[in-house]
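S.K.: Supplied in structure tokens, the structure appears directly below.
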Amino acid sequence: MAPLLLGAVMLVAQLQLVPSRPAVVPGDEPGQPELVRKAASLQDEIPDGQAPNGSAQQLPQTIIIGVRKGGTRALLEMLSLHPDVAAAENEVHFFDWEEHYSQGLGWYLSQMPFSAPHQLTVEKTPAYFTSPKVPERVHGMNPAIRLLLILRDPSERVLSDYTQVFYNHVQKRKPYPSIEEFLVRDGRLNVDYKALNRSLYHLHMQNWLRFFPLRRIHIVDGDRLIRDPFPEIQKVERFLRLSPQINASNFYFNKTKGFYCLRDGGRDRCLHESKGRAHPQVDPRLLNKLHEYFHEPNKKFFELVGRTFDWH
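Read in full-length UniProt numbering, the sequence shown has 278 at position 278, and its numbers run on one by one without any break.
So, in structure tokens, the structure goes:
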């Protein structure tokens, strides 16, 4: 029992001495002390929760909540360039999958990477943004958490959504309908298509704003992140109150792949080959229908967040 108590005390001390993590400032919700208490108590449930070098598993201080096919993997990889960031490698799906959530915060903590006391722990699960029950659950863990949301042009996101599922079927040698068969029903746009619903950003954002003020959610422009990643990452650093460590030299354009790759300590790395796949050819008239469909929802989203994006 004594070693467990000592581990809890050490974890509390570590969490209270983290200069690069988001700090509670006047007007913020009182979440960090509760998070420290939860993490300390949860540490007792995980025998290997602390490594000999002083690193430990921490509940995340920020989560990339979405959106699916918005660029969450690219954002996480770019953010991982920062020495003060420890990122979970896989999508955890804790708050949206009942079989995971039912196992409690102890299980969630066990999925986190080991991090040093000065590091910020980050996890990303794109499905969080569109899952109705997730905002309240995240708020229950830590109302002061900082959330990252990366969005793309809704029409482009729909095409990327379809492309991912299409290639998943191709790899399994399974047939898959054309995108027109999903988008059109009885000569009209099929508004029941799930990929369309995921792109109605204003509906999902309203749910998150019921539990978190807008200042807690930083929206990354996914289209700009593709075209010119450095300025967008600078904004993320400022939002997370991280020291400016990521530089323009960390990015280089790969002409073969057609998008930016990363340079980290002399080592070059690009996203998986599944990223950046060409979208299917779509009839221009159908594309226009898509753009028209999202026109009003986009306006509502712009009003909701107080900024505009260069979408069709």
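Note that beta-carbon positions come from the ideal geometry of N, C-alpha and C, so glycine has one too.
If we ignore side chains and look at the alpha-carbon of each, how far apart do LYS172 and PHE182 end up?
M.R.: 20 Å
S.K.: State the DSSP-derived secondary structure class of ILE53, mapped to helix, strand or coil.
M.R.: Inspection of the sequence shows that residue 53 is occupied by Asn rather than by Ile. ASN53: coil per DSSP, three-state reduction.
S.K.: Suppose only complete runs of 4+ residues qualify. What are the alpha helix (DSSP H) ranges in the region 284–308, listed by chain order?
M.R.: For the region 284–308, whole alpha helix (DSSP H) runs of length 4 or above, ordered along the chain, are 284–305.
S.K.: What separation, rounded to the nearest whole angstrom, lies between the Cα atoms of VAL282 and LYS194?
M.R.: Whole-angstrom Cα-Cα distance: 18 Å.
S.K.: In chain order, what residues of the same chain have a beta carbon less than 6 Å from the beta carbon of ILE246, not counting five sequence neighbours either side?
M.R.: Beyond the five residues adjoining it in sequence on each side, ILE246 comes within less than 6 Å, by CB distance, of LEU81, HIS82 and ILE233 in the same chain, given in chain order.
S.K.: Would you decide whether PRO229 is buried or exposed? Buried here means 16 or more other CB atoms lie within 10 Å of its CB.
M.R.: buried
S.K.: Taking its Cβ as the centre, do 16 or more other Cβ atoms sit within 10 Å of TYR128, making it buried, or is it exposed?
M.R.: buried
S.K.: Closest to ARG73 by C-alpha separation, out of LEU240, ILE226 and PRO280, would be which residue?
M.R.: ILE226
S.K.: Beta strand (DSSP E) containing GLY222: first to last residue?
M.R.: Run containing GLY222: none in the beta strand (DSSP E); it sits in the alpha helix (DSSP H), 222–227.
S.K.: Between which two residues does the alpha helix (DSSP H) carrying PHE94 extend?
M.R.: Per DSSP, PHE94 belongs to no alpha helix (DSSP H) and is neither H nor E.
S.K.: By DSSP, does PHE182 sit in helix, in strand, or in coil?
M.R.: helix
S.K.: From what residue to what residue does the alpha helix (DSSP H) around LYS194 run?
M.R.: 194–198
S.K.: Which residue's Cα is closest to the Cα of LEU242: ILE63, GLU77, LEU120 and ASN53?
M.R.: Considering only alpha carbons, the answer is LEU120.
S.K.: Closest to ALA87 by CA distance: which of GLU237, GLU77, PHE95 and LEU196 is it?
M.R.: GLU77
S.K.: State buried or exposed for ARG157, treating a residue as buried only when at least 16 other CB atoms are found within 10 Å of its CB.
M.R.: buried
S.K.: Would you check if there are 3 or more beta carbon pairs closer than 8 Å linking the region 102–114 to the region 144–156?
M.R.: Judged by Cβ distances under 8 Å, the region 102–114 makes no contact with the region 144–156, as fewer than three pairs qualify.
S.K.: Can you tell me where the alpha helix (DSSP H) with ALA74 in it begins and where it stops?
M.R.: Counting along the chain, the alpha helix (DSSP H) containing ALA74 begins and ends at 72–79.
S.K.: Out of ILE64, SER131 and SER155, point me to the one whose CA is closest to GLU123's CA.
M.R.: Nearest of ILE64, SER131 and SER155 to GLU123, Cα basis: ILE64.
S.K.: Identify every residue that forms a DSSP beta bridge with ASN247.
M.R.: None, per the DSSP bridge assignment.
S.K.: Take ARG216 as the anchor and find which of PRO231, ILE145 and SER160 has the nearest alpha-carbon.
M.R.: ILE145
S.K.: Look up LEU148 in the DSSP assignment and give the residues it is bridged to.
M.R.: DSSP links LEU148 through a beta bridge to ILE64 and HIS218.
S.K.: Can you list, in chain order, the residues of its chain with a C-beta nearer than 6 Å to that of TYR176? Leave out the 5 residues immediately preceding and following it.
M.R.: Here TYR176 has PHE166 and HIS169 as same chain residues with Cβ atoms under 6 Å from its own Cβ, once five neighbours each way along the sequence are excluded.
S.K.: Can you have a look at SER249 and say buried or exposed, based on whether 16 or more other CB atoms are within 10 angstroms of its CB?
M.R.: exposed
S.K.: Which of the three DSSP states, helix, strand or coil, is assigned to ALA127?
M.R.: helix
S.K.: State yes or no: is the C-beta of THR130 within less than 7 Å of the C-beta of VAL92?
M.R.: No, these two residues do not count as a Cβ contact at 7 Å.
S.K.: Output yes or no for whether 7 Å exceeds the beta carbon distance between HIS291 and PHE211.
M.R.: no
S.K.: Keeping to the same chain, check which residues put their C-beta closer than 8 Å to that of PHE302; ignore five residues upstream and five downstream.
M.R.: THR308 and PHE309
S.K.: Output the distance between the C-alpha atoms of TYR162 and LEU189, rounded to the nearest integer angstrom.
M.R.: 15 Å
S.K.: May I ask which residues mark the beginning and end of the beta strand (DSSP E) holding TYR260?
M.R.: 259–264
S.K.: Can you tell me where the alpha helix (DSSP H) holding ASP161 begins and where it ends?
M.R.: 154–171
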